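Scroll down for the structure; my scribbles are underneath it.
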Amino acid sequence: MRKKLFLFLFLLLAPLLIVGCGKADENKQTSAGEKKLFKVRVATQSIFNEVPIADDLGFFKEEGIEIEYTGILKPGQSEFLSVAQGVNDAFGNHPSGLAQAILGGAKLKAIAPGMVDHKDIPHVNYLVREDSPIKSLDDIVGKKVGITGPNVCNEGYLKLYLKKHNLPDNVEWVTLPQGGQQEQALKQGLIDVATSHPPYIGIALKQGGVRSIGTSYDILQSSAAGLSVRGFSEKFIKDNPEVVKGYARALYRARVWINSHQKEASELFAKRVNLKPEDVSGRMYHPAPAINASDIELWFAMSEELGLWKKGAIKPTDIYTNEFAPKQ
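According to mature numbering (1 follows the signal peptide of the UniProt record, and there is no 0), the sequence shown holds residues -24 to -1, 1 to 304 in order.
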């Protein structure tokens, strides 16, 4: 009787057991079939940047990439160093800084262009207080000038201006690395000139009490002079070529979108930094998918004129590759 009862129960429950096992296998296949996003670590941006905008638009996710923000860099840190040390995966900055990092032994490579300068949407705007006696860039000699850190786009442009106009390089550079610090210090009278970057240019001008005495475009008259580049360590590129391709594609889509949607881009970035969209000034970006060789050569010429390295110490082609650029 017991044997018959056991057999009856087994026959009754067997289909359920089979279905249950089938369901477990199905779940396993579903989770295995889901594409896991590849995390790319980047420094959190406090000034206008295309990476968080590409992220908000879903461009990275479509490439199987998840952006992990590791925080704003501390004073004295650079994106190049953070990548070389393994803290971050991707960097973004100017060609001059990249060349210097490589000369210092860092194994890095740029794989995409970033922003450029523009007459109407300048990379840098030089601001003074409304009541300042400074009327033009000629008057910065002997003054305190705020910068976010040593870089061609911070003090370098102004040094080139002074050299071009036969003026003494007698300026006190005051490092204020956090976004908005320069503009605040300017209003408090702690510095005489701010080298203001987006989005803080728009905020400062909107709030009033300051005025512009010139822009980076006024000095160099070239969009390429505002060029930045994006890249990875050589090891990351070697180990993850498809991720690098996807990252380059996402950035290219973001650059094109931002150039034709300045208002919407400013709104997206404003949310990131808790600012009013109408106060945020944006940037123009390189419209091509690949890095232009002549743009890098211009940066090398500027850097060598400033004495950042000896001519011939490094070649423009040593710092970038277009191997991963999207095909048009």
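Cβ atoms here follow ideal geometry from the backbone N, Cα and C, with glycine treated the same way.
This one's a predicted model, so the numbers in the text were calculated from it and none came from an experiment.
### Query
Who are Glu148's beta bridge partners in DSSP?
As a working mapping, residue 148 is identified with position 172 in the sequence shown. DSSP output for Glu148 lists Lys120 as bridge partner(s).
### Query
Roughly how far, in whole angstroms, is the beta-carbon of Pro98 from the beta-carbon of Leu203, given that I think they are within contact range, below 8 Å?
Numbered from 1 along the sequence shown, position 122 holds the residue referred to as residue 98. Numbered from 1 along the sequence shown, position 227 holds the residue referred to as residue 203. In fact, because the Cβ distance is near 14 Å, the residues do not count as touching under 8 Å.
#### Entry: Three-pair Cβ contact test at 8 Å for the segment 72 to 88 versus the segment 148 to 155
Touching, no.
### With 16 other Cβ atoms within 10 Å as the buried cut-off, status of Val128
The count along the sequence shown starts at 1 and reaches residue 128 at position 152. Burial call: buried.
#### Entry: Best match in Glu44, Glu38, Gln157, Trp233 for proximity to Pro175 [C-alpha to C-alpha]
Taking the first residue of the sequence shown as 1, we reach residue 175 at position 199. Cα-wise, what sits closest to Pro175 is Gln157.
### Task
Please report the residue range of the alpha helix (DSSP H) in which Tyr102 lies.
Numbered from its first residue, the sequence shown carries residue 102 at position 126. No alpha helix (DSSP H) holds Tyr102; the beta strand (DSSP E) holding it covers 101 to 105.
### Those runs of the alpha helix (DSSP H) which lie wholly inside the segment 33 to 104 and span at least 4 residues
35 to 38, 55 to 60, 71 to 79
### Query
What three-state label does DSSP hand Thr293 in the structure shown?
What you label residue 293 is simply residue 317 of the sequence shown in a count that begins at 1. DSSP places Thr293 in helix when its eight states are reduced to three.
#### Entry: CA-to-CA distance, Gly222 to Ser236, given in whole angstroms
Counted from its first residue, the sequence shown places residue 236 at position 260. Counted from its first residue, the sequence shown places residue 222 at position 246. Rounded to whole angstroms, Ser236 to Gly222 spans 22 Å at the Cα level.
### Limits of the unbroken beta strand (DSSP E) element including Phe276
If you number the sequence shown from 1, residue 276 lands on position 300. Counting along the chain, Phe276 falls outside any beta strand (DSSP E), though it belongs to the alpha helix (DSSP H) covering 269 to 281.
### Task
With a cut-off of 8 Å on the beta carbons, I'd call Ala224 and Ala301 a contact; round off their distance for me.
On the sequence shown, residue 224 is found 248 positions in, with the first residue counted as 1. On the sequence shown, residue 301 is found 325 positions in, with the first residue counted as 1. With 8 Å as the limit, Ala224 and Ala301 qualify as a contact, their Cβ atoms being about 6 Å apart.
### Message
Starting from Ile179, trace the beta strand (DSSP E) in both directions and tell me its first and last residue.
### Response
Translated into positions along the sequence shown, residue 179 becomes position 203. Here Ile179 belongs to no beta strand (DSSP E); instead the alpha helix (DSSP H) covers 176 to 183.
### Query
DSSP on Gly125, reduced to helix/strand/coil?
Position 149 of the sequence shown holds residue 125. Coil, per DSSP.
### Message
I'd like to check one pair, Ile41 with Phe14: are the Cβ atoms closer than 8 Å?
### Response
Taking the sequence shown and counting its residues from 1, the one referred to as residue 14 is at position 38. Taking the sequence shown and counting its residues from 1, the one referred to as residue 41 is at position 65. Contact flag set, yes.
### Query
Going by Cα to Cα distance, which pick from Val220, Leu57, Ile23 is closest to Asn298?
Numbered from 1 along the sequence shown, position 322 holds the residue referred to as residue 298. Looking at the Cα atoms, Val220 is the closest of the given residues.
### Task
Sort Gly184, Ser22, Tyr133, Ala246 by Cα distance to Glu281 and report the nearest one.
Position 305 of the sequence shown, counted from the first residue, corresponds to residue 281. Out of Gly184, Ser22, Tyr133, Ala246, Tyr133 has the C-alpha closest to the C-alpha of Glu281.
### Task
Counting only the same chain and skipping the five closest in sequence on each side, list residues whose C-beta sits under 6 Å from that of Ile179.
In the sequence shown, residue 179 corresponds to position 203, counting from 1. Cβ within range, chain order: Asp255.
### Query
Looking at Leu113 and Tyr137, is the spacing between their C-beta atoms short of 8 Å?
If you number the sequence shown from 1, residue 137 lands on position 161. If you number the sequence shown from 1, residue 113 lands on position 137. Yes, Cβ-Cβ distance for Tyr137 and Leu113 is below 8 Å.
### Message
Which residue wins for smallest C-alpha separation from Glu44, given the options Ser54, Ala19, Glu26?
### Response
As a position in the sequence shown, residue 44 is number 68, starting the count at 1. Ranking the options by Cα distance to Glu44, first place goes to Ala19.
#### Entry: Beta-carbon proximity of Pro200 to Asp294, cut-off 8 Å
The sequence position of residue 200 within the sequence shown is 224, counting from 1. The sequence position of residue 294 within the sequence shown is 318, counting from 1. The question names Pro, but residue 200 in the sequence shown is Ala. No, the pair does not count as a contact, with Cβ atoms beyond the cut-off.
### Message
If distances are taken between C-alpha atoms only, which option among Ala289, Val232, Met278 comes closest to Leu33?
### Response
On the sequence shown, residue 33 is found 57 positions in, with the first residue counted as 1. Cα-wise, what sits closest to Leu33 is Val232.
### Query
By DSSP, does Arg259 sit in helix, in strand, or in coil?
The sequence position of residue 259 within the sequence shown is 283, counting from 1. Coil.
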